[in-house]
Amino acid sequence: MPRLGKMQKELLKSVGSKPTTVIYPFTKEGLNIPKGLRGRWTYDNPNMCTGCKICERVCPSGAIEMIRCRPEDVQTKTGFRPICHFDRCILCNQCVESCPRGVLKLSAEFEMAFLDRNDMVIY
Amino acid sequence: MSGAEAEVTERRPAERDELHKREYDLLDTILQDMADAVVAEECYVHVQPRRVFVRVHPDRLREFIRYMQREHDMWQVSTLSGRDLGDDLQANYHFFLNDKKIAITIKVNVPRDKPEYPSITDLVPGVDFVENEIREMFGIVPVGHPNPRRCELPENWPGEEYPLRKDWADPRGLMKRSKTTGPRPKEEL
Amino acid sequence: MTSTSNRTVVIPPRVSIPIGPQHPALKEPAMFKLTVEGELIVDAEVNIGYNHRGVEKLAESNTHIQNLYLLARICGICSATHNGNYAQAVESAAEVEIPERARYIRTLIWELDRIHSHILWLGVAFHEVGFDTAFMYTWRDREVAMDMLESISGNRVHHDMNTVGGVRRDVPDELVPKLLRGFDKLKERMRYYRDVVLHEKTFWDRVAGVGILETDVAKKMGAVGPTARGSNVPVDVRFNDPTQAYVPMMDTGDFEMILNDRCDVAGRTIVRVEETIQAIEMCSWLVKNMPDGPIRERVRPRIQPNEVLARHEAPRGELIHYLVTNGTDKPERIKVRAPTHANWVSMAHTLKGNYLADAPIILAAIDPCYSCTDRVVVVDADEQKMELVPLDVLRVRANKWYKENPRRDE
Amino acid sequence: MQAALDMIVELLVQGFWVLVFPGIFFVTSLALLWEWIDRKVYARMQNRVGPLHTGWHGILQPLMDFLKLLSKEDLTPKKADRRSFAAVPVVLLVLSFVLCMFLPIVDMNPAVPGVQGILSFEGDLVLILFISTLIALVIILAGYFSSNPFGQTGAARTGMLLVSFEIPLILALVTPAFLTGSLCVSTIMYRLTQMSPAYVWLLVLPFVIYLIASQAELERIPFDVSHAETEIVHGWQVEFSGKKLALIHMAEDILLVFSAGIATTLFLGGPYLLEFIPLSIFSVEFAAIAATTWVGWVYYPLVFMFKSALVVVILSNMRTLFARWRIDQIVRYGWKVMVPLALLSVMLVQVALVYAFPLLGVM
């Protein structure tokens, strides 16, 4: 039979206990971030990259763009290397899987807030 | 994409082995009862378990639906999906026979120049929204729909443009503006 | 006292109150025009399509791999269902058998997604009825399921676990005890919420006897998922048309379809809560007897021409992917029928005859999952006419109006 | 000359009483404090933290909200009648201030025994009930002035809600008057403290009825159907914005102060606490010191605030515990449960006064 005030015991119990909300910007200990979190795109070992453009083709949101190599960069056969406009990137890890050389990697860092969209590019 | 090539290779009929026995019994009863309403060579049991595909003449559709509802207790309607086969348009009604546990798809082909077929909303009220959608997207007009209204596309969408047809090549370049890889018109595929 | 003989019964004027497209009760916009007599809803009209993004046209130009991510973004809450179902469709189109462990992991992600989606819905239902405390508690306990999903797939919402030919990440063995502990905690909390739903009078009053959808009407109107099962309609793809790891699970026979014959919002609530508890038991069964072995199968990107109807039981109902492949690595035609789309027809029926105050909880009862475009409804009070005005026309009118009477001299 | 000076000083002192200490400034700051307590208790019961960053544990948050609202743009709907639309918030605020003037917080009038409020006079209980009905009327008019379908629905609902909860409120407030035979809130409170504890058992049922009825008057969760945000988009407050909305929220908070104040005065013994202890040094000497010297000016408000805070915590616990009822359920429970309960409690008190107490020899 439904009666009034079913949750009273639960309310009193939670007044005493520690609140579960994490005051995020000030303390980070409440967020239990798992090991395999898919976070920010990183260009890990550039010397392995052959500029084969597989990652640019396979990216579902067109976030990877191949640019001409900088001189101090490593000599890739086709003279191209990927950069990521990570305002478009959906962190799906497909480029990391499709890259035959294992050049790219997704780090576990998830704070990617920027004021200007143009400088949200990773070289 | 010529219609014939798709016709020939698209269907994967399963052999009459023990695995598909129930589906084949259903198909045989249908072919036997409604032989004239059905295009026999395009009805088959799919390799995937519990799937039967049947093609019906547009003018005999309502009678076939009534037959299925009466004989095989077909009440669970799933949806209606349209297809552009190049020379004619196709409307597929997907149903699920709950007690036999078989999904049956009823295909209706309509010619591109006169894309009409009798609507079945009064027999199956569940398809009310999707029949409006197929009229907007493919131009296939279900004649006799209780309240035909524009339900998916915005109001100022020009009447005669049907976006999901293969020959609709996005005249205003809506797709191009989206910076994703974006679809290129048919010939560049 | 007026003599009772000539007492005139005053019929309140028919007022048409539009709920939506922008309304605090609707998380996403759809427009319901309710004709109301006093507090009673007399007629309801459902206008959807405010969030048509042309996914099907876009999907025809993406490869199957890219489509996995595009279709996962159709719905924020149940992205794993679209992702898994499309992968399942492409695999059956290519007629490829994926390894046993991949089946188990894919079904585990599906069931975890059902758990967190049902708990989210329970919180939203509590909030619709003004029970904000239980809303806060349910969403706190949902974090246990979200953390499990995050530790398995690396992302809270868009798990993107499936690829053509299997699963992308494995469930490491040291994670299993943590998962089992999480399942027990979740089951104990869900039993408490079942108790709250059944025994809290203020919530039960708002939910019992509201939004009646009779069994035969539900059958005729094609209702799916918990909305139909709350009206005693045996519609559940996991039991009627099992695929992936549901096949061995149904053979064990210790799970059966949850039905409720109350036919009202309370029935749907009980069905969803019971289903969450059943989903938790399914998950612990899956994790316990998950075979080891490879988790992926190499599948060539070009899929043979085939037409496939892939069905899966999403948290909201039966999800249909009708996929036609044409030999290239892009789909010829993909038709996506989200479960909420099927419930719109029965929605107009359930709204009639209830109070205006019940409209939000009835709308929430089918757990709608739709999203938005740029349309707005302008209701002219004096001329009693209502017109749908697209945003740019509205903006032009607004600028013209502000030019005519600038606010400064007001 | 001397008389003029005395009159000026008298005016200044009266002005200080009305404007600052037990008057407007004190009541407003109390309102903000109660809103903070309400939000904090509401949050902690939901296992959340609640307001945190402004001031110590967010104590200035209600003030910041008030100032923020003051700075927002203030729109008036084209169809609404401009002057009356602007008048509603001011009238609500003034009425709630007037209501708070009757609470005995500090002894304003030493001539009359017991702690007297600023405007306490014989018969102010009737005036209080009249003003609370007036506030209900103003809220209904506010809904109609805003000429918005949601506003009108909200106003109609407020009308139904307040009509069905006016009678239990009146009966609950009148019961202490039966016991003490006076119609002045302060005198009732003083005489109740002199009576024997047996009378306190008679006040338990009216106290519960009063709490439920005041929760309905303040339109809080189980009964907040008139501005339920998920159904009719804040009901009668939907068209108010900027300064008008700020004043309405302040008026609601002051009504909370008044409800809690009346509950403490009539049912929990007002600003007396230590006097109830039977030891002579407390009940006699301390009572005398407090009544006459400046000690009373500090001790009485503190006790008043402590008891009011208790009532506020009870009210916010009620707010946390329940879902929102539909308007027809509220009206049904109002007439089927609350009104009979109130009549029963009044009958109980009459039976006790006329028959039981003379038998038991209770004075």
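These protein sequence lines are chains A, B, C and D, in that order. Take the position in the first sequence, starting the count at 1, then add 15; the result is the number in the working numbering. Take the position in the second sequence, starting the count at 1, then add 34; the result is the number in the working numbering. Take the position in the third sequence, starting the count at 1, then add 50; the result is the number in the working numbering. Take the position in the fourth sequence, starting the count at 1, then add 9; the result is the number in the working numbering. C-beta: ideal position from N, C-alpha, C; glycine also.
Test: residue i CB closer than 7 Å to a CB of chain A
i	result
residue 251 of chain C	yes
Close-in-space but distant-in-sequence residues of the same chain around residue i (CB under 6 Å, 5 per side omitted)
i	result
residue 47 of chain B	78
Nonlocal neighbours in the same chain, by C-beta distance under 7 Å from residue i, ignoring five residues either side
i	result
residue 130 of chain B	110, 112, 137
residue 53 of chain A	106, 108, 121
residue 356 of chain C	143, 375
residue 294 of chain D	none
Pair within 7 Å by beta-carbon distance, residue i and residue j
i	j	result
residue 69 of chain A	residue 80 of chain A	no
residue 272 of chain C	residue 400 of chain C	no
residue 233 of chain C	residue 334 of chain C	yes
residue 101 of chain A	residue 135 of chain A	yes
residue 320 of chain C	residue 179 of chain C	no
residue 89 of chain C	residue 372 of chain C	no
residue 194 of chain D	residue 134 of chain D	yes
residue 249 of chain C	residue 34 of chain A	no
residue 327 of chain D	residue 26 of chain A	no
residue 127 of chain D	residue 26 of chain D	yes
residue 155 of chain D	residue 248 of chain D	yes
residue 340 of chain C	residue 119 of chain C	no
CB contact below 7 Å: residue i versus chain C
i	result
residue 222 of chain D	no
residue 333 of chain D	yes
residue 329 of chain D	yes
residue 77 of chain A	no
residue 104 of chain A	no
residue 110 of chain A	no
Cβ neighbour criterion (16 or more within 10 Å) applied to residue i
i	result
residue 318 of chain C	buried
residue 46 of chain A	exposed
residue 131 of chain A	exposed
residue 342 of chain C	exposed
residue 204 of chain D	exposed
residue 298 of chain D	exposed
Where the beta strand (DSSP E) through residue i begins and ends
i	result
residue 96 of chain A	95-100
residue 220 of chain D	Unbroken run through residue 220 of chain D is the alpha helix (DSSP H), 213-226; no beta strand (DSSP E).
residue 129 of chain B	122-131
residue 248 of chain C	Note, residue 248 of chain C: premise wrong, no beta strand (DSSP E); alpha helix (DSSP H) at 226-249.
residue 116 of chain B	110-118
residue 284 of chain D	No beta strand (DSSP E) holds residue 284 of chain D; DSSP gives it neither H nor E.
residue 119 of chain A	119-121
8 Å CB neighbourhood of residue i in its chain, flanking five on each side removed
i	result
residue 164 of chain D	148, 149, 150, 151, 152, 153, 235, 244, 245
residue 270 of chain D	109, 112, 114, 313, 317
residue 402 of chain C	91, 92, 93, 94
residue 111 of chain C	380
residue 121 of chain D	129, 195, 196
Limits of the unbroken alpha helix (DSSP H) element including residue i
i	result
residue 131 of chain D	Taken as a continuous stretch (DSSP letters only), residue 131 of chain D belongs to no alpha helix (DSSP H), as it is neither H nor E.
residue 391 of chain C	389-401
residue 133 of chain A	Where residue 133 of chain A is concerned, there is no enclosing alpha helix (DSSP H), given that its DSSP letter is neither H nor E.
residue 75 of chain A	Element bounds for residue 75 of chain A: n/a, residue is neither H nor E.
residue 160 of chain C	150-178
residue 87 of chain B	Run containing residue 87 of chain B: none in the alpha helix (DSSP H); it sits in the beta strand (DSSP E), 85-90.
C-beta neighbour in chain D for residue i, strict 7 Å
i	result
residue 115 of chain A	no
residue 255 of chain C	yes
residue 183 of chain C	yes
residue 174 of chain C	no
residue 42 of chain A	no
residue 34 of chain A	yes
residue 186 of chain C	yes
Below-7 Å beta-carbon distance, residue i vs any chain B residue
i	result
residue 395 of chain C	yes
residue 127 of chain C	no
residue 271 of chain C	yes
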